[in-house]
Amino acid sequence: MSDPKNAIPVELQDLVAIACEGELSDQDTEQLEALLLDSPVARQYYLLYLHLHGELHWHEAMAGDLPDPTGSSGQGPRMPIPTPAITRPKPDRMSRLRLFGFCICALVVVGLLTLAYQAMPARKDIPAPPPPTPTALARMTGAILPRWKAGANPPVLGQEIPLDRRLVLERGVIEITHPQSTQVLIEGPAAFCYRPGGQIELEKGRLTVLGDEPADFTVNAGDATIVPTGGAIGIFADGKEIELHGLGGKAQIRRVLRQDDSLVEKETDLAGQGGWKWSSGSETDPQAIASDQGRFARALPPRDPDHSVARLREAVTNNARLIHHYTFEGTSRLEKCQDKRGAVHLTEAVMVDGRGRGSINYTAPGFDLTTDALGPHREPQGGNENGVALQSEGRFRPPEAMTIELLLRYQIPEDAGDETVALAVATRDGDRDCGFYVAAVGKGHLSLLLDGSANWVETDTVLAHDHWYYVAFTFKKLEESTVVNAYLADLTVGERQLRQVLKDEEVPGVPATSRLGIGKGFDNTIAHAYPWSGELDEIALYDAVLDPKDLQAHLDLLQAGEP
Amino acid sequence: MEVGNVNDSDANLDQKAEAFARLLGRCQRKVFLYVLGLIHNAADAEEIQQETSVILWRKFDEYKPGTSFESWACRVAYFEVLKYREKAARQRRVFSVELVETLADEAEKLADEFDDRRDALEGCLTRLRDVDRALVLRRYQPGATTRKLAESLGRSVQGTRKSLHRIRMTLLECIQRKLAAEERQ
């Protein structure tokens, strides 16, 4: 439904609006039916309009009045509608009658439930169905830099996890301990809800279950119920797809599939180090995938909370010269692609020869558990022109003096050779006018290029496969050239001192003004090309050449991060 | 969730009631919305939802643990809608079985999107003009109707209905924009 107002005939709009009031005449009903049978677009409009009407009705008129069979809210969070100062009208006679009728209806339901209960065989002196037995609750027993969505009334360390409340952990990691000592680690960003009886509904995010015994709970993710049956497992959900990773443990996936108009239950068992992936609601069986052991936290790392990517982020945010900031944090793609400082927001860009067989990973594991990294997709073969990454919606004009700082992890492509180019941050405005500010060339030489007709300027650093690096480049524009300094530290091996890998190097060309490629660049026809291979995080652009001491201070904030 | 192999012993009857209450509580809203889409009358949809709850309890032994209770509930609700339709058709014109079936199929296809739309609606409500938000909230107060709202405001029913329709369309457009923006990313 592209534009409801323009695409939908007024006649249909009027009839659907009247239908919401329950005031359709026979003639109206006939007319509405004809319109709906005639057009799928009309039916979609009708269903979406009725859905909106129903949501508003449910939350404002009904949810509070319904008998709650669980004894708790049971409906998820009430929609946080800002409430203007309206005096709630007292119900008039009809409303009271309706309320009375509803109560009668509710009583009938309760009565029928009781009758059904009593009608069961071999029961004597059966009481009415008891209220749910309170179950010993899980407690939040640990957390690292958790940030909860505002207004969510989050759980408190050491206390029970509230039931039936949708919780949104924007970042950080929390540890939850269940009554029978099973532990659950949830990494932000994640949205989840604990239900009575030991159920977690994982809407989005990463979750690790740890326990020697079978877990005393189940995880509902999408269309499946996942039953941990001992050991460690990892679960990932993004609202559409679900992944189950064996981390040495066992689990069972239970799904209901529709087959020939009937519902069929299917069970899939996972054990050991394998993995399964499936689309929620699809009719197909889960597909076996390689288990990604490194993707799931196995324990809360005992480390100094004053040192982390989150601390670096905080320091960067407080820097007055920061002009653009891409942290890739957030609970939606839109949020993750936001420029957290400026207005040069990002959007997906598919390479000139196609996206290949993958997609961007917006929740790639970062250097530590306080962050999510961005994983552009680079196709294993022909990767220079195949893949998908991000670029800005608007043009980026590099300032006269500039610093680009980021965390990166490079994975050497399968087809890596002399022609391999993977760009982390780039612009280009023509054959010669380019700004390949942070690049891995060949087997992973950290390089840059500001003039398409010149040679690559290579540092003496070859990025080690799968290592995390802190990297910073500074640029000072001259007439037709740019003075560049570059610094880096291999975080994975625990380097604590910033290494200068380019010192006052005068590089041909000046940074080009164009859309800003993040995890990609542009070929000489300005087509999308050269996707990054690996992960990127905490990309910060400043309108000044930062002092090496400031950069070292940023690195210091990461020092205690786990190698 | 161990509700499988339920027999009627004292011990697990409690468990069964608890499991049922929990599952029902989680899908009431969706069943209501599903039914409303098929019959477009909120009061009747409430009744059908209640009747569906009774039947679900009666047939709870047929429910397979670990399967989607929501899908099962909607299936039961669908048959209740057909029964309701048959009864109502004696008094007034109602949607044909053919249309109800078509709408049910298409509602099922939109089910995933409905959750996203609900999330988007939260944000869109906050973006409404204060006066519009106040009007739509009053319309959906318990027992409220457009007719009564118009009377209390001293406006015509037609005018109030048009205002509400305009606000709903604004919300639909806002929701669509939000979803499209996310899709583009």
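Protein chains in written order, with the working numbering: chain X, 1 to 563; chain U, 1001 to 1185. Virtual Cβ for every residue (Gly too), placed ideally from N, Cα, C.
Its chain contains G366, F367, D368, T370, T371, L407, D537, E538, L558 and G561 as the residues whose beta carbon lies nearer than 8 Å to that of V309 of chain X, once the 5 sequence neighbours on both sides are disregarded; these appear in chain order. At the C-beta level, A190 of chain X and L207 of chain X come within 9 Å of one another. For the options X:E283, X:E495, X:V173 and X:A221, the alpha carbon positioned closest to that of R195 of chain X is the one of X:A221.
At the C-beta level, Q391 of chain X and R515 of chain X come within 9 Å of one another.
Between the region 1021-1039 of chain U and the region 341-351 of chain X there are fewer than three inter-stretch CB-CB distances shorter than 8 Å, so the stretches are not counted as touching.
Ranking X:N361, X:L322 and X:S359 by CA distance to the CA of A343 of chain X puts X:L322 first. Listed along chain X is no residue with a C-beta nearer than 9 Å to that of F1079 of chain U; the closest approach is about 13 Å. Taken through DSSP and simplified to helix, strand or coil, E243 of chain X comes out as strand.
Residues are counted here when their Cβ sits less than 7 Å from a Cβ of chain X; for the region 1157-1172 of chain U these are R1161, H1165, R1168, M1169, L1171 and L1172, given in chain order. Neighbours of Y194 of chain X in chain U, taken as residues at a C-beta separation under 8 Å, are lacking, since the least C-beta distance is about 12 Å.
Contacts between E33 of chain X and chain U, judged by CB atoms closer than 7 Å, involve F1095, S1096 and L1099 in chain order.
Flagged as an interface residue toward chain U: I18 of chain X, by a C-beta distance shorter than 9 Å. Between the C-alpha atoms of P286 of chain X and I253 of chain X there is a straight-line separation of about 9 Å.
K1087 of chain U has a beta carbon lying at 9 Å or more from every beta carbon in chain X. E170 of chain X is outside the set of residues whose beta carbon lies under 9 Å from a beta carbon in chain U. Nearest Cα to R171 of chain X within the set X:F396, X:F328 and X:P531: X:F328.
Per the coordinates, the alpha-carbon of T492 of chain X lies some 19 Å from the alpha-carbon of A486 of chain X.
Cβ contact annotation for W468 of chain X (same chain, cutoff 7 Å, sequence separation greater than five): F367, L407, R409, L491 and T492, in chain order. In this structure, the CA atom of T420 of chain X is about 10 Å from the CA atom of W532 of chain X. Contiguous beta strand (DSSP E) elements confined to the region 332-368 of chain X occur at 346-350 and 361-365, taking only those with 3 or more residues. The alpha carbon of L1179 of chain U has as its nearest neighbour, out of U:V1131, U:D1132, U:D1119 and U:T1145, the alpha carbon of U:D1119.
Remark: C-beta atoms of A440 of chain X and L463 of chain X approach each other more closely than 9 Å. Across the set X:K520, X:H377 and X:P154, the C-alpha of X:P154 shows the shortest separation from the C-alpha of R166 of chain X. Close CB contacts of C1174 of chain U within its chain, under the 7 Å cut and outside five residues either way in sequence, are with C1124 and R1127 (chain order). Leaving aside the five residues that flank A1144 of chain U on each side, the residues in its chain whose CB is nearer than 8 Å to its CB run, in chain order, R1138. None of the residues of the region 388-404 of chain X has a beta carbon lying less than 8 Å from any beta carbon of chain U. In the DSSP annotation of this structure, D164 of chain X is not part of any beta strand (DSSP E), being labelled neither H nor E. In the displayed model, S1053 of chain U falls within a helix according to three-state DSSP.
Contact check for D418 of chain X and G452 of chain X: beta-carbon distance about 17 Å, past the 8 Å limit, so the pair fails to qualify. Taking C20 of chain X as the centre and dropping the five residues before and after it, the same chain places the C-beta of Y49, L50 and H53 closer than 8 Å to its C-beta, in chain order. For K1083 of chain U, no Cβ of chain X is located within less than 9 Å of the residue's own Cβ.
In the DSSP assignment, the residues bridged to W148 of chain X are X:L169. Against chain U, a Cβ distance below 9 Å from H377 of chain X picks out nothing, because the smallest value is about 14 Å. When Cβ-Cβ separations below 9 Å define contact, V256 of chain X makes contact with chain U. Listed along chain X are K240, S280 and G281, each with a C-beta nearer than 8 Å to that of D1112 of chain U. The Cβ-Cβ distance between Q183 of chain X and T229 of chain X does not fall below 9 Å.
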